[in-house]
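Protein chains in written order, with our numbering: chain A, 401 to 898; chain B, 1270 to 1771.
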């Protein structure tokens, strides 16, 4: 690898370079801030990240490339997800500025950690080498551990962090073991070479299944799919609420990215996820295994969510169910399926961040996270109530919200195969009906309870209202007018092919 | 002729809801009259649509058609024919009259009327759209306002009723969605356009789904989705509860329009698109119709709550619709759709009348009254008229449509039809028995001061009574409106059966 090559590769690495620069700048800047003014580091981080997002949007991904000797790929798929997690991070920073949990403490490093987490996700969504996959996965995980334990003096937060570490370390150990088997079998750590070797070789199905399961443990834990979900509720409840919101969307989306990239490249018969006719390696039917995981995630997530009385825990379990819906798209794993997953990830980010943000604001304003305490919220805080109802309807997947369209695309990609996935689609849809019950519990509490208390109507601060409307309105209207997001997602299904 | 009448008639209430949302909630009169004005305008437009509608044609008319989401070949496609035109009129009429029934809503009136208008738009959209995707969106969108209208303004058990209604219908909807997607992918080129789907009918009979005849599988999926709405036994358990808990005007809309959407779905989608499967399913459908007729009437007979009795009478009356359309004869089909319209007007009257007495007595226990005809003679008179219309007395529209259903079904399902006529006797039984217990006999001293029905309430009832009476004596205009389309429908479904050798 000569210097010219490195310079060329670096030119496709500019957003990451800018982000690294911003990261270092925020650390330096924070050195000169007192605790009370450390929020300025947050503003700087947010501004910097906005700049990075713009540079991502400007990046030319019409031709997909592998950079740094195919350690990373720069392609439409990765770019879409980088934009997605960046936007998510910006929104989370915005709500963090208003979070009571983070008041009266030094927060500079909080924003630095978020930026680092974002950088880790940039690597994760573009990793094409076992080493880069593992390192970026760890980078994302370690930042997540730190952030979920950020409220150092709170037991819950510490518990969340330690549980997360234990589960995380265990799963990444297993992942690593799976990788080592894969390396031993194929003699390469580059996923394209692995694919070539696997497609040519005749590994025993048992060994392949072992590898598959080990890899799935590692990735499944990142997206919180059942049965690798046990850390989720406690971590989600204990972590600072904005971080919970962030963990439920961004690292999850990045986890899906690596699942799609790894499985569709390394474990496919052709090594080209852009093909319409798609097939797995002959001796490794991972689609069926992921189908089972998907059913488990949807059903377990939904059924346990039914019994939750705490909003954050309810959303935590529902996020497991949503991972299940997205896995349905991974099962299909062709152009339309992957585009549907990307679309779902984007819509899910809007609605789930939205729901969490309302929960955060309610916690700030009324000091409660109990669904029962949302009683008559629709009358006490009309704007907040309507917006929360939109998020709940969208999470259920009811028209005319974006949540419906996202589910529609997923199920559309399933039914396209006729018989094969018809039952999967049926189970998925019935799960949607189950989820209606617990999402509507929130709506019911907000609207159906009698309005005896005629205290002053609560108005959320302007910046919160703007933030929430910016999340809710696209959910309501964006898809009705030609659905630009769908076009963007379909365009983004461009993988780097060696 | 290029115009946007159907779009206007469909989206006018959405516009109205936005306007209502902007009016300060203290200006109660503006809110009420505003809603009345918007639904009134909608009614005028609906009548105007009928005026320019070509009765002799079986084609869809007033078409608005353009690409909406081209990637998936989803179209914005509106149009009406002889099947949807009566439903459009019914929706506009009942929405307008139900506003007056809603006059005394006690809390959060602004939200109520805004949601009411959204509900109106959803219903209208279902009847005007000819693209399955668009149809589905309207079908679902309607659930949200309904959920709130029952859940916030309903009776004591409203929370349970609202979520039960929502869960049942959503369950039906997801099966509908599956069926819709299966149709989309079997059709070539992939489309949601109902007319093109109908043309490709034979495709669905040939294709396989889950190793079975795709047409039949899809028909069953759609059947459950629609059956929950009708509701067909055993999917009916949400209905009495929702009816009893909903405020009067919403019960009127539920019985008058929402139930029709189920049978409308059969006639608009299942029958023309899946012709072979429709013939295959005709007998089960007729049997289910019979069960509805008898079971609904028996259940009504057993009720102590007047509103529940009326709710079960809907189950019974919708059974006639099923029987009529399962027969697939011109008389049966015309009778079925005519019965849909008539049941809309008659059940609306019945629910309004129950609402009138409930507003005054604050209970609906049939045995809790007695002899009140002496105190409220006008109310007793109007109720007598509505009850007679409900039990299908000659001279009222219900008689004509039920008779047509029987005439149409008799040659095809002789025994089923004979048993179904028992339903008529039972219908007469519970209506007359209830009337006797409430209005005749010794006056219950509690109700000596019962207030007579007022002008506003009469204003909502009289147009319905006139229509019921008029169509009972002279049904030709309504039958003319729908016969071209329906006879054509019968013919195409039958001829498909001959090709398939059924």
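Here a beta-carbon is modelled for each residue, glycine too, at the ideal position from N, C-alpha and C.
Remember, it's a predicted structure, so these values are computed and weren't measured experimentally.
- Residue 843(A) and residue 1420(B) have their C-alpha atoms spaced approximately 10 angstroms apart.
- For residue 1410(B), the chain A residues whose Cβ falls inside 7 angstroms of its Cβ are 799 and 800, in order along the chain.
- Taking the beta carbon of residue 840(A) as reference, the chain B residues within 8 angstroms of it are 1416, 1432 and 1435, listed in sequence order.
- It is roughly 9 angstroms from the alpha-carbon of residue 595(A) to the alpha-carbon of residue 664(A).
- The C-alpha of residue 1495(B) is placed about 19 angstroms away from the C-alpha of residue 1762(B).
- In the DSSP assignment, residue 1338(B) falls within the unbroken beta strand (DSSP E) covering 1330 to 1338.
- No Cβ-Cβ contact shorter than 8 angstroms links residue 1275(B) with residue 1360(B).
- By the neighbour-count definition (other C-beta atoms within 10 Å, threshold 16), residue 494(A) is a buried residue.
- Residue-level contact by beta carbon holds for residue 811(A) and chain B, with a gap shorter than 8 angstroms.
- A straight-line Cα-Cα distance of about 7 angstroms links residue 713(A) and residue 636(A).
- The C-beta of residue 485(A) has 16 or more other C-beta atoms within 10 Å across all chains shown, which makes the residue buried.
- Inter-residue distance for residue 1709(B) and residue 1652(B) is about 12 angstroms (C-alpha atoms, whole angstroms).
- Within chain B, the residues placing a beta-carbon under 7 angstroms from that of residue 829(A) are 1443, 1446 and 1447, ordered along the chain.
- A direct Cα-to-Cα measurement between residue 688(A) and residue 525(A) gives close to 24 angstroms.
- For residue 501(A), no chain B residue has a Cβ inside 7 angstroms of its Cβ, as the nearest lies near 33 angstroms away.
- DSSP, read as helix, strand or coil, puts residue 1298(B) in helix.
- Residue 1603(B) holds the alpha-carbon nearest to the alpha-carbon of residue 1745(B) among 1603(B), 1705(B) and 1612(B).
- The three-state reading of DSSP puts residue 722(A) in helix, counting H, G and I together.
- Only those residues of the stretch 623 to 651 of chain A whose C-beta falls short of 7 angstroms from the nearest C-beta of chain B would be listed, and there are none.
- The distance from the Cβ of residue 1318(B) to that of residue 1357(B) is about 7 angstroms, consistent with a contact at the 8 angstroms cut-off.
- Taking 8 angstroms as the threshold, the shortest C-beta distance from residue 738(A) to chain B does not fall below it.
- When C-alpha distances from residue 743(A) are compared across 725(A), 756(A), 769(A) and 757(A), the shortest belongs to 725(A).
- For the pair residue 1314(B) and residue 1277(B), the CB atoms are nearer than the 8 angstroms cut-off.
- When Cβ-Cβ separations below 8 angstroms define contact, residue 832(A) makes contact with chain B.
- Beta-bridge pairing by DSSP links residue 527(A) to 472(A).
- For a Cβ distance threshold of 7 angstroms, nothing in chain A lies close to residue 1383(B): the least Cβ distance comes to about 11 angstroms.
- Pairing residue 623(A) with residue 1671(B), the inter-Cα distance amounts to about 58 angstroms.
- By the 16-neighbour rule on beta-carbons within 10 angstroms, residue 1379(B) is buried.
- Less than 8 angstroms divides the Cβ of residue 1546(B) from the Cβ of residue 1488(B).
- Between the stretch 728 to 743 of chain A and the stretch 809 to 818 of chain A, the count of C-beta pairs closer than 8 angstroms reaches three or more; the two stretches touch.
- The stretch 746 to 756 of chain A makes contact with the stretch 783 to 792 of chain A: 3 or more CB pairs, one atom from each, lie closer than 8 angstroms.
- With a contact defined as Cβ atoms closer than 8 angstroms, residue 765(A) and residue 629(A) miss out at about 31 angstroms.
- Taking all protein chains shown into account, residue 1726(B) has 16 or more neighbouring C-beta atoms within 10 Å of its C-beta and is therefore buried.
- Residue 872(A) is outside the set of residues whose beta carbon lies under 8 angstroms from a beta carbon in chain B.
- Inter-segment contact for the stretch 1634 to 1646 of chain B and the stretch 1509 to 1520 of chain B is absent: fewer than three beta-carbon pairs are separated by less than 8 angstroms.
- Shown here for residue 787(A): same chain residues with a beta carbon closer than 6 angstroms to its own, the five before and five after excluded, namely 868 and 872 in chain order.
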